[in-house]
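What follows is one structure encoded as structure tokens, with my remarks underneath.
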Amino acid sequence: MQLKNTSQYYGLVSIVIHWLMAISIIGMFGLGIWMVDLDYYDPWYHRGLWLHQSIGMVLLFLLVFRLVWRLANPVPKIMGLWWEKLVAIWVHRGHYLLMAVLMVTGYLITTAYGRGIDIFGWFEFPALLPADKGRETTMGFYHMILAWGFMAYIGMHAAAALKHHFIDKDITLLRMLGINQNKEKKEKHNED
Amino acid sequence: MKIKLIIGAALVALGISTSAIAEDYVIDKKGQHAVIQFKIAHLGYSWLIGRFNDFEGTFSYDEKIPSAAKVNVTINTASVDSNHAARDKHLRSPDFFNVDKFPTSTFVSKSFKELGDGKAKLSGAFTLNGVTKDINIDVTHVGHGPDPWGNYRRGFEGTTNLNLADWNIPFAPKLGPASANVELYFSFEGIRK
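If you read the sequences in order, they're chains A and B.
According to this note's numbering, the first sequence is numbered sequentially starting from 85.
According to this note's numbering, the second sequence is numbered sequentially starting from 99.
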């Protein structure tokens, strides 16, 4: 499989980023819900938040790279009726927007007092906006609402992918799993 | 002399007694010569010190009749500041001060008693998290006199100790036995009206 996308298929980089972020973000949702109710004397009381912040920042960097990669690559042809294609393209764009806002609100919570975020103890990412005490509470509220909203959103996205796979019986889901191309090529060979 | 008499007469005519003017002070919020601070044990190993940055209040104090002194303070609970974003977010949540439901905390004095040697005892109703209870505050006179800019100022400081269990703070028991009590400290400088 090649690294870059073609007009038909996703390349390895897009596939790996898609699934890596999907699994991480769902995990981050669970971690977030779990950590805020931990007991003060729980060994994970600080570690849980630290992990959430560290993974969140890595995801933010990954998202920036993903947007660059998307703009530098062809987008594989969307399958479906004209309006389904229109919905699909805007739902995809909505993912990027929601992820960006979700991650940035998280960043703004931790940096509300003008201090940077420690990322896995590797390095500290600085606070880019000036301190604004009280921001952590408003941003915390948005972060929670957006997290629940995004889970509903990816639920819809997953349902649509399954619809393509089981009802339309097209390769929308398979090509994101990277397991369709050989089959498709074989069919092409047969046609030849 | 004549002018003073005219001013005096005018004030009487307006129903303002000069002695009342002499007693009433507004806490200097603008110049931030006032602080409300709390101090609580962290695990029993050190102290955590935080503040409420936004509050306002007035007091009246007449040296001739100190027992008539009154104090009124309103604290914006969302202004809690322990110098740590995540902790302050937690302090504002329903686990602690529940600031959406209880945006203000108030103190209204009921009695003031001079103990001599610059000390006094202030009692009053303190409201926090929707709970109102009478508390006693140990007060010390700090100083008073004209300031260089044409006003008259008077300052007090005080401390009191609160048991967290009394104030409807759900997270309090989780802080551990060393952190059952919090010490409140304030220093107020009033500008005479």
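For each residue, glycine too, the CB sits at the ideal point set by N, CA and C.
Quick caveat, the model's predicted, so the values are computed rather than measured.
Exposed unless 16 or more other CB atoms sit within 10 angstroms - verdict on residue 190(B):
As a first step, residue 190(B) must be located in the second sequence, where it is residue number 92. Counting Cβ neighbours within 10 Å, residue 190(B) comes out buried, since at least 16 surround it.
When you compare the CB positions of residue 145(B) and residue 138(B), do they come within less than 9 Å of one another, or not?
The count along the second sequence starts at 1 and reaches residue 145(B) at position 47. The count along the second sequence starts at 1 and reaches residue 138(B) at position 40. Against a cut-off of 9 Å, the Cβ pair of residue 138(B) and residue 145(B) comes out as a contact.
Point to revise | Cα-Cα separation, residue 185(A) to residue 274(B) | key: Indexing the first sequence from 1 puts residue 185(A) at position 101. Indexing the second sequence from 1 puts residue 274(B) at position 176. Going from the Cα of residue 185(A) to the Cα of residue 274(B) covers about 37 Å.
> I think residue 187(B) touches residue 220(A), with their Cβ atoms under 8 Å apart; what is that distance to the nearest whole Å?
Replying inline: As a first step, residue 187(B) must be located in the second sequence, where it is residue number 89. As a first step, residue 220(A) must be located in the first sequence, where it is residue number 136. Contact holds; Cβ gap of about 4 Å.
- Residues of the region 239-273 of chain B whose Cβ lies closer than 8 Å to any Cβ of chain A, in chain order: Along the region 239-273 of chain B, the positions whose C-beta sits under 8 Å from a C-beta of chain A are 269, 272 and 273, read in chain order.
*Does DSSP classify residue 122(A) as helix, strand or coil?*
Counting from one through the first sequence, the residue named residue 122(A) turns up at place 38. Of the three classes helix, strand and coil, the one that applies to residue 122(A) here is coil, per DSSP.
Original post:
What's the C-alpha gap between residue 119(B) and residue 290(B)?
Top reply: Residue mapping note: residue 119(B) aligns to position 21 of the second sequence, counting from 1. Residue mapping note: residue 290(B) aligns to position 192 of the second sequence, counting from 1. Here the model assigns residue 119(B) a pLDDT of 48, short of 50, so the residue's position is not dependable and the matter cannot be decided.
In this structure, how does DSSP classify residue 134(A) when only helix, strand and coil are distinguished? Position 50 of the first sequence, counted from the start, is the residue given in the question as residue 134(A). Note: residue 134(A) maps to helix in three-state DSSP.
Three-state class that DSSP yields for residue 119(B) in the structure shown: If you number the second sequence from 1, residue 119(B) lands on position 21. Residue placement at residue 119(B) is poorly supported in this model, since its pLDDT is 48, which falls under 50; the coordinates still yield a value, given next. Here residue 119(B) sits in helix by DSSP.
- Item | Whether residue 229(A) touches residue 137(A) by CB criterion (9 Å) | The residue given as residue 229(A) occupies position 145 in the first sequence. The residue given as residue 137(A) occupies position 53 in the first sequence. The answer is no: Cβ separation not under 9 Å.
Worksheet item: Per the contact definition of three or more C-beta pairs closer than 8 Å, is the region 164-176 of chain B in contact with the region 199-213 of chain B?
Response: yes
**Prompt:** How big is the Cα-Cα spacing for residue 133(A) and residue 116(A)?
**Reply:** As a working note, residue 133(A) is residue 49 in the first sequence. As a working note, residue 116(A) is residue 32 in the first sequence. C-alpha separation (whole angstroms): 8 Å.
Considering residue 229(B), what are the terminal residues of the beta strand (DSSP E) in which it resides?
Your numbering for residue 229(B) matches position 131 in the second sequence. Residues 229-244.
Discussion item. List, in chain order, every chain A residue whose beta-carbon is nearer than 7 Å to that of residue 179(B).
Written reply: Here residue 179(B) refers to the residue found at position 81 when the second sequence is read from its first residue. Residues of chain A passing the Cβ test: 217.
Residue 133(A) touches chain B at which residues, Cβ-Cβ below 9 Å?
Stepping through the first sequence from its first residue, residue 133(A) is reached at position 49. Near residue 133(A) (Cβ distances below 9 Å), the residues of chain B are 184.
Closer than 7 Å by C-beta to residue 254(A): which residues in its own chain qualify, once you throw out the five before and the five after it? Chain order, please.
-> Reading the first sequence from its first residue, position 170 is the one you call residue 254(A). Closer than 7 Å at Cβ, skipping near neighbours: 163 and 248.
In terms of residues, what are the limits of the alpha helix (DSSP H) holding residue 167(A)? As a first step, residue 167(A) is located in the first sequence; it is residue number 83 there, counting from the start. Taken as a continuous stretch (DSSP letters only), the alpha helix (DSSP H) holding residue 167(A) covers 166-194.
**OP:** Using a threshold of 9 Å, state whether the C-beta atoms of residue 245(A) and residue 223(A) are closer than that.
**Re:** Here residue 245(A) corresponds to residue number 161 of the first sequence, with the count starting at 1. Here residue 223(A) corresponds to residue number 139 of the first sequence, with the count starting at 1. Against a cut-off of 9 Å, the Cβ pair of residue 223(A) and residue 245(A) comes out as no contact.
### Query
Got a sec: is the Cβ-Cβ distance from residue 176(B) to anything in chain A below 9 Å?
As a first step, residue 176(B) must be located in the second sequence, where it is residue number 78. So yes, residue 176(B) belongs to the interface.
Where residue 187(B) meets chain A, residues with beta-carbon distance less than 9 Å:
Counting from 1 along the second sequence, the entry for residue 187(B) is found at position 89. 193, 196, 220, 221, 223 and 224, listed in chain order.
Exercise. So which residues on chain A does residue 149(B) lean against when the C-beta distance must stay under 9 Å?
Worked result: If you number the second sequence from 1, residue 149(B) lands on position 51. Residues of chain A passing the Cβ test: none, with the nearest at roughly 11 Å.
CB contact check: residue 197(B) to chain A, cutoff 9 Å:
Here residue 197(B) refers to the residue found at position 99 of the second sequence. Output row for residue 197(B): interface = yes.
**Prompt:** Quick one: which chain A residues come within Cβ less than 8 Å of residue 190(B)?
**Reply:** Translated into the one-based positions of the second sequence, residue 190(B) becomes position 92. Neighbours of residue 190(B) on chain A, chain order: 221.
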